[in-house]
Amino acid sequence: MCTMGALKEDKLKSVLEAVPAGFVVDAPWLESHGVSRFLTRKYIESGWLDRLERGVFRRPAPQPVPLDWQTCLLSLQHIMNYPVHAGGSTALGLLGYIHHLPLGASRPAWLYGDDIPSWLARLQLDAPITTRTLSLFSEPDLGLTENKSASATTLPWGWAMRISSPERAILEALDELPEHESFHNLDMVFEGLATLSPRRLAALLNSCRKIKVRRLFFVFADRHKHSWRERLQAEEFDLGTGDRALVKGGKLHPRYRITVPPEFVQPIGETDGP
21 MCTMGALKED
31 KLKSVLEAVP
41 AGFVVDAPWL
51 ESHGVSRFLT
61 RKYIESGWLD
71 RLERGVFRRP
81 APQPVPLDWQ
91 TCLLSLQHIM
101 NYPVHAGGST
111 ALGLLGYIHH
121 LPLGASRPAW
131 LYGDDIPSWL
141 ARLQLDAPIT
151 TRTLSLFSEP
161 DLGLTENKSA
171 SATTLPWGWA
181 MRISSPERAI
191 LEALDELPEH
201 ESFHNLDMVF
211 EGLATLSPRR
221 LAALLNSCRK
231 IKVRRLFFVF
241 ADRHKHSWRE
251 RLQAEEFDLG
261 TGDRALVKGG
271 KLHPRYRITV
281 PPEFVQPIGE
291 TDGP
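Position one of the sequence shown corresponds to residue 21 (the numbering used here), numbered consecutively onward.
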């Protein structure tokens, strides 16, 4: 016969096997693994779990360290199996395309998913979290990849973070213009996007649901003239009709009919005249 003490130890063992030190789980995950609220309280009292927020718990790390957003995201992806990924400028930063930070600013972590738990916004993390749904693309998983950069090799148990590819990430970032991203910052990012895949770009542009994003993409692509631009024919994508007002006091782009900062009307190095 299994005693209550043996049952507690068995449930605890399953938690310790699934959750690395320092990582996070929520109450629904614990309950799905047979850990009741009563047992959860016992684990907290015994020091096996820390309570972060109502219904959110962390396995203590060997050395007390603040909870960072990357550990939280990996917990969501690999332990609790939430369909969420890092995208936009966050993915571009992880992939090495962003090398600067505004003075005194903390870059937000852009997370995308249709089922992101509400408790995420209440956690005290090392960066503010901004969430978005997957509505930008008709194929929600298109252009997702695993981060296999050098910084990812130190993650526990060989886990890789699910993030947007650079082709998807730049479209996600363009969607945030002009309120949450700046033309200047994305212009610097675009300068480094010389090796994008035109095949992946074409698939994502066709899946993209926003005319604004497609028009802005070609504004930047024409401006920077990377070699992959020659493989994409703007006329093959739905760019909509009519003029679009985006930037207050901006200038209407003569080809893509969207208002942008005046310097974005010509490719880099070209001017209106002498």
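Even glycine gets a Cβ: it sits at the ideal position worked out from N, Cα and C. For clarity, every value in this text was computed on a predicted model and none was experimentally measured.
Contact annotation: the stretch 103-113 touches the stretch 189-203, with at least three C-beta pairs closer than 8 Å.
With respect to the C-alpha of Arg251, the residue from Asp242, Leu114, Val209 having the closest C-alpha is Asp242.
Residue state for Val104 is assigned as coil, using DSSP reduced to three classes. Annotation for Val76: the continuous beta strand (DSSP E) segment containing it runs 76-78. The alpha carbon of Gly75 has as its nearest neighbour, out of Tyr276, Ala81, Asp46, Ser66, the alpha carbon of Asp46. Within its own chain, the residues whose Cβ lies closer than 6 Å to the Cβ of Gly260, once the five positions on either side in sequence are excluded, are Ile231, listed in chain order. The stretch 154-161 and the stretch 138-146 do not touch, with fewer than 3 CB-CB distances between them shorter than 8 Å. Linking Gln253 to Leu131 through their CA atoms gives a straight-line distance of about 31 Å. Per DSSP, the continuous alpha helix (DSSP H) segment holding Trp89 begins and ends at 89-94. With a contact defined as Cβ atoms closer than 8 Å, Pro282 and Lys271 qualify at about 4 Å.
Setting aside the 5 residues that flank it on each side, Gly133 is surrounded in the same chain by Pro103, Val104, each with a C-beta closer than 6 Å to its C-beta; the list follows chain order. Minimum Cα-Cα distance from Asp30 among the listed residues Phe43, Gly42, Tyr63 corresponds to Tyr63. Uninterrupted alpha helix (DSSP H) stretches at least 4 residues long and entirely within the stretch 173-256 occur at 186-194, 203-211, 218-227, 231-244, given in chain order. Taken atom to atom, the span from the alpha-carbon of His200 to that of Ser66 is near 44 Å.
With contacts defined by Cβ atoms closer than 7 Å, Leu206 and Trp248 do not form a contacting pair. The shortest C-alpha to C-alpha distance from Ile99 to any of Arg229, Leu221, Glu256, Pro40 is the one to Pro40. Assigned with DSSP and collapsed to three states, Trp130 falls in strand.
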